[in-house]
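Same order as they appear, the protein sequences are chains A and B. Every letter in the first sequence is one number past the one before it in my numbering, and letter 336, counting from 1, is 336. With the second sequence counted from 1, adding 1000 to any position gets you my numbering.
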Amino acid sequence: MVLWLLILIPLLAAPLAWMVQQWSRHAARWIAIGALSIDLFLALLLWSQDYRFQDSGHGSWLLESQTSWIPLWGISLHLGLDGLSLVLILLTAFLGLIAIVASWTEIQVRVGFFHCNVLLVLGGVIGVFLAIDLFLFFVLWEVMLVPMYLLIAIWGHEQRRHASFKFFLFTQAGSLLLLVAIIALAVLHQNVTGRPSFDYADLMGLALKNEMGWWLMLAFFIGFAVKLPAPPFHPWLPDTYTEAPTGASVILAGLLAKTGAYGLLRFTIPLFPDAINEFAPIAMGFGAIGILYGAVLACAQTDIKRLVAYSSISHMGFFLLGAFAGAELALQGAVMQLVAHGLSTGALFMLAGALQERLHTRDMRQMGGLWGAIPRVAAMALFFALASLGLPGLANFIGEFLVLFGSFASQPFLTILASIGMVMAAIYSLAMMQRTFFGRQRETHIEPDLSNIAFGTLLLIAALQVWLGLYPRPLLTTTMPVMQTLVQPAPPSSNLTHPPSKFLPSSNIVTSHVSAP
Amino acid sequence: MTLQDFIALSPILDLGAFSIVTMLVLAVRRHHATIALLSFVSCLLTLATLPWASTSTPRAVTALLIVDEYALFYMGLLLSATMVVISLSYRYLKLHFIEQEGVEEYYLLLLLATFGGLVLTASAHLVSFFLGLELLGVSLCSLIGYLRTRRRPLEAAVKYLLLSISASAFLLFGMALLYFESGSMTFRGVGRVVEMSQTVPGLWLGGFVLVLVGIALKLGLAPFHMWIPDVYQGAPTPITAYIATVSKGAVMALLLRFATDVGALEIDTLAHLFGLLAVSSMVTGNVLALFQQNVKRLLAYSSIAHFGYLLVALLAGGSAAAEAVTFYVVVYCVMTLGAFGVVTVYSSERGDAERFEDYRGLFWARPWLAAMLTLSLLSLAGIPVTAGFIGKFYAIAAGVDAGLWWLVMTLIGNSVISLYYYLRLIVTLFDEEPTPATIPQGRAVQSTEAASWTAVFSLGLVASIILLLGVYPGPLMELIRDSVSNLVMVVVQRP
């Protein structure tokens, strides 16, 4: 029940936020904040309770809820929560609040509809982190697309239409590929056991040991890699991140990218253990290329939001490297990287938005010497630039360090390549600081500095960064059991012993690829 | 004929009788609202006979018709769609016709066209097939040109007439060839030749291909789609909706039964032909839709593409295919009625609202109407929590189940292309409001005018069905599985 509440609170608050618009502009904001605060509170409550996180893992959920939905296809409303989901839900609720604070001054028209869309996206994201029926997962995965598209298309910057189209087409293409793979899995299940099923536990037991598994794994990988994004599936990202309004950028980089990462951890790796064994070096290669590619291009940007966007590709490369390294340490680092990157990029986008609001440009060539004018923005930017380049003592460092440490054993060459990315991160982060805040002051007009609310929010994120950087244990112990099961995939479940059914039409797939026991 | 036969046939008989009653009332009293209501009630009462008819199904009534669950299901669909079209038409016709000008025959023609559609869903014989198709086609021809003082409807009517004639010519010749080879005019009899002789006679194949061309012309499958955009654009919008849903739905129902009974998909050549039609329809429809600046033409091209998706589902064969096709037809009807319904409601007496310009900023001016259109378009694009997604899911599932990987991948690629033009229209709805200075005077007056409550009610119903099927499709799936099981059973029982 609590799981449904987590999803439904934002979804139900969404139309409410829209409707109160006519009374007061701020009412919509407060409704959004209220809904997300309740979610955050619920998630914290779940975390603080004495659940035995040690027992959680794939197939054994801390909390579970299942209701029949479309019995004909073996589809049910099946939600499950484990450590990984919990951490990401905490991140979602927190970054959702950040996104609303970040758009407090920026969004002045159609405020109600804006917050309606934000809440719908967040409801979808939370649903994605909870759904363990693949059909339900896909539905929720898509639920977040349309409102996100509207956020970019209505409130975005100059090139918003172009960017929103690119975003929707790319992610939808990936999703449809994913849908085909999901359906194929259900059909395979039907061929083996006689009934179709979209349930995670059922599909885990399929244990595909052939070409078919390889292709399906590839479809799953691409579907999630588009969201992540890993080059070469990234062309939508720079435009989208840049053109979106600040709040939407925070959500895009902080959360939507994480849904792709979550999909890889939750579905791609455990569902196709055999194919992953062969594919892992390639995926790690994608990760290493992403790290370098994003970092090189970030160095060349003059648009501050574009710089953060490319750095985001680079940081997500670390996740990819760690997720496929097959070592518990690297996987832990990958999850840490998700949280850390969500926090630091969210803050950086908020600062970029603040700069744009004050200077009406994102072009760093027109900035310079701003430290004197807006010291709060500058100080916060320095902190998060350092966090982003992986300064020890902050969360990003833990993530990247664990990833590199954990994956060196399996892929030393790629790991060395990846560590060059950390050096480049220092270059582009410090260059950003130099070009924006130091040097000769160009802008003579003094603008108001950050408001207390925005400053306080950024301080809060900074505090979290420091906390996770110095004492990451609570987070790591929460996700540890899940990561352990990822390293040793669960044995095939016993549901494959059912005889193949007679009345269903035999299909090419089963005869040619799957050997029914 | 026994009493049971009459019971089974009651929907068709009922609608026929009501058509005559409507005609007689029309002769006595010409009153727009009365006739509209009468035709609506006719459909409603016909709908009410369906459960009664189902007590004596499946039943072959003469050699011509088979009334089974499958036919009854499609009849229900066609009748419901007709009712929506009738309720959309009322205000539209009032806008375009002054008092004292005869508009009442419009409803009579609608009833007759639907009557033809009902015959098609139950036909199991080449004769009833042809009769039903002609009844539908001829009525539609006059309906398309019903705004007889305008140029474009007339042009569209002539185009449709020419299409109907050529389709009939193809059909008749094809039927003649099939009859020549098989000596039978029932679908089952036509197929038996192939089963018995193990080889496919050349003339039989030629005949089937000709019949298929006739059907493809009616369905607007590429490369037989040339008439679709012009007729869709030219016809009065409610009639466009009618062609897209009732007419195409009935022909699709017939095609499914015909192909299953004849066993066409078991013949490799024909299966390849269907595959070719599917791919060309998907690609042609979607690619040409990218260039449209007119909403009605855009929906026309998208309908070509959607029937390509339907063929993918059809090609899967077996029970999965029949279920997927039927589900998709239902979903397609609902969302098309939604989209064209919005165009109808938004139209003014000066003409249909069909240019993209007309829709700029609609969301801020009339949010409910725009939301309805957005919902229909998202459904057409196949985005979850709308009916269209479940339809596409079903089609993909049927394709994957049959291992038609290339067709499925084509479908996916085309879905992505189609998103582009749907999004283009959706983003227009959310554009900045046009400043009052740029609005033509007439439009400003019109936009404040309320739509008639019948149209609003039916659109609301359509919207809730789109959402309901998207969120909770289980019951409909089970109903369809029960309905089509009969159709497929027949195949299984074949010697």
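Virtual Cβ for every residue (Gly too), placed ideally from N, Cα, C.
Would you mind sorting residue i into buried or exposed? The rule is 16 or more other CB atoms within 10 Å of its CB.
| i | result |
| --- | --- |
| B/Arg1355 | exposed |
| B/Asp1068 | buried |
| A/Ser407 | buried |
| A/Thr67 | exposed |
| B/Ile1020 | exposed |
| B/Phe1180 | exposed |
| B/Gly1285 | buried |
| A/Ala418 | buried |
| A/Arg440 | exposed |
| B/Glu1101 | exposed |
| A/Arg365 | exposed |
| A/Thr226 | Correcting the residue identity first, residue 226 of chain A is Val in this sequence and not Thr. The residue is buried, with at least 16 neighbouring Cβ atoms inside 10 Å. |
| A/Glu357 | exposed |
| B/Ser1139 | buried |
| A/Gln22 | exposed |
Can you give the Cα-Cα distance for residue i and residue j, rounded to whole angstroms?
| i | j | result |
| --- | --- | --- |
| A/Ala19 | B/Leu1369 | Rather than Ala, the amino acid found at residue 19 of chain A in this sequence is Met. Taking the straight line from one Cα to the other gives about 17 Å. |
| B/Ala1216 | B/Tyr1107 | 27 Å |
| A/Leu169 | A/Leu370 | 38 Å |
| B/Ile1228 | B/Ser1379 | 21 Å |
| B/Ile1396 | A/Asn452 | 53 Å |
| A/Phe114 | B/Ile1480 | 40 Å |
| B/Ala1250 | A/Trp73 | 27 Å |
| A/Thr259 | A/Gly456 | 27 Å |
| A/Ala276 | B/Ser1164 | Before going further, note that residue 276 of chain A is Ile rather than Ala in the sequence given. A/Ile276 and B/Ser1164: Cα-Cα distance of roughly 56 Å. |
| B/Thr1454 | B/Met1083 | 11 Å |
| B/Arg1443 | B/Thr1260 | At B/Arg1443 the pLDDT is 45, less than 50, meaning the model places this residue with poor confidence; the figure from the coordinates comes in the next sentence. If you take the alpha carbons of B/Arg1443 and B/Thr1260, they lie about 50 Å apart. |
| B/Leu1273 | B/Phe1208 | 11 Å |
| B/Ala1222 | B/Leu1277 | 6 Å |
| A/Ala27 | A/Leu95 | 20 Å |
| B/Val1334 | B/Tyr1472 | 15 Å |
| B/Glu1072 | B/Leu1050 | It should be noted that the sequence gives Leu, not Glu, for residue 1072 of chain B. So the alpha carbons of these two residues sit roughly 6 Å apart. |
| A/Ala414 | A/Met284 | One detail in the question is off: residue 414 of chain A reads as Leu in this sequence, not Ala. Taking the straight line joining both Cα atoms gives about 7 Å. |
| B/Val1427 | B/Ser1184 | 55 Å |
| A/Thr105 | A/Val250 | 15 Å |
| B/Asp1401 | A/Leu188 | 8 Å |
| B/Gly1174 | B/Leu1133 | 15 Å |
| A/His162 | B/Tyr1422 | 14 Å |
Would you grab the beta carbon distance between residue i and residue j for me? Rounded to a whole angstrom, and I think it's under 8 Å.
| i | j | result |
| --- | --- | --- |
| A/Ile31 | A/Ala17 | 5 Å |
| A/Val128 | A/Leu475 | With 8 Å as the limit, A/Val128 and A/Leu475 do not qualify as a contact, their Cβ atoms being about 20 Å apart. |
| B/Val1246 | B/Gly1403 | Contact flag wrong, Cβ pair sits at about 34 Å. |
| B/Val1484 | B/Gly1399 | B/Val1484 to B/Gly1399, Cβ: 17 Å. No contact. |
| B/Ala1305 | B/Asn1414 | 6 Å |
| A/Ala373 | A/Glu447 | 6 Å |
| B/Val1408 | A/Val139 | No, B/Val1408 and A/Val139 are not in contact; Cβ-Cβ is about 20 Å, not under 8 Å. |
| B/Asp1005 | B/Arg1059 | 7 Å |
| A/Ala385 | A/Met433 | 5 Å |
| A/Leu320 | A/Gly290 | 6 Å |
| A/Asn424 | A/Val308 | Sequence inspection shows Met at residue 424 of chain A; the Asn mentioned does not correspond to that position. 14 Å between Cβ atoms; not a contact. |
| A/Leu177 | A/Ala219 | 5 Å |
Using the DSSP secondary-structure output, state which residues sit across from residue i in a beta bridge.
| i | result |
| --- | --- |
| A/Gln66 | A/His78 |
| A/Ala43 | Its beta-bridge partners do not exist; DSSP assigns none. |
| B/Asp1014 | Its beta-bridge partners do not exist; DSSP assigns none. |
| A/Asp363 | A/Asp303 |
| A/Asp133 | A/Asp199 |
Enumerated in chain order, which unbroken segments of the alpha helix (DSSP H) with a length of 4 residues or greater are wholly contained in the segment 1310-1360 of chain B?
Counting whole runs of 4 or more residues, the segment 1310-1360 of chain B contains the alpha helix (DSSP H) stretches 1318-1346.
Quick check on the DSSP output: what are the complete beta strand (DSSP E) runs of length 3 or more inside the segment 266-335 of chain A, in order along the chain?
Considered as a whole, the segment 266-335 of chain A harbours no complete run of any beta strand (DSSP E) with no fewer than 3 residues.
Enumerate, from N- to C-terminal direction, the unbroken beta strand (DSSP E) stretches of 3 or more residues contained entirely within the segment 176-236 of chain A.
Annotation note: the segment 176-236 of chain A contains no uninterrupted beta strand (DSSP E) run of length 3 or greater.
Write down every uninterrupted run of the alpha helix (DSSP H) in the segment 1177-1221 of chain B whose length is 4 residues or greater and which is fully enclosed by it, in chain order.
List check, alpha helix (DSSP H) in window: 1187-1197 and 1202-1219.
Can you give, in chain order, each stretch of the alpha helix (DSSP H) that sits fully within the segment 1348-1418 of chain B and has at least 4 residues?
Correct list: 1362-1365, 1367-1381 and 1387-1401.
Segments assigned alpha helix (DSSP H), at least 4 residues, entirely inside the segment 1238-1306 of chain B:
Counting only runs of 4 or more, we get 1248-1262 and 1268-1289.
Residue ranges of each alpha helix (DSSP H) run of no fewer than 4 residues wholly in the segment 1069-1129 of chain B, ordered along the chain?
Within the segment 1069-1129 of chain B, the runs of alpha helix (DSSP H) at least 4 residues long that lie entirely inside it are, in chain order, 1069-1096 and 1105-1122.
Quick one: complete alpha helix (DSSP H) runs, 4+ long, within the segment 404-471 of chain A?
Residue ranges of uninterrupted alpha helix (DSSP H) with 4 or more members, entirely inside the segment 404-471 of chain A and ordered along the chain, are 412-437 and 452-470.
Unbroken alpha helix (DSSP H) runs of length 4 or more, entirely within the segment 76-161 of chain A: which are they?
You should have 83-102, 111-130, 134-143 and 145-155.
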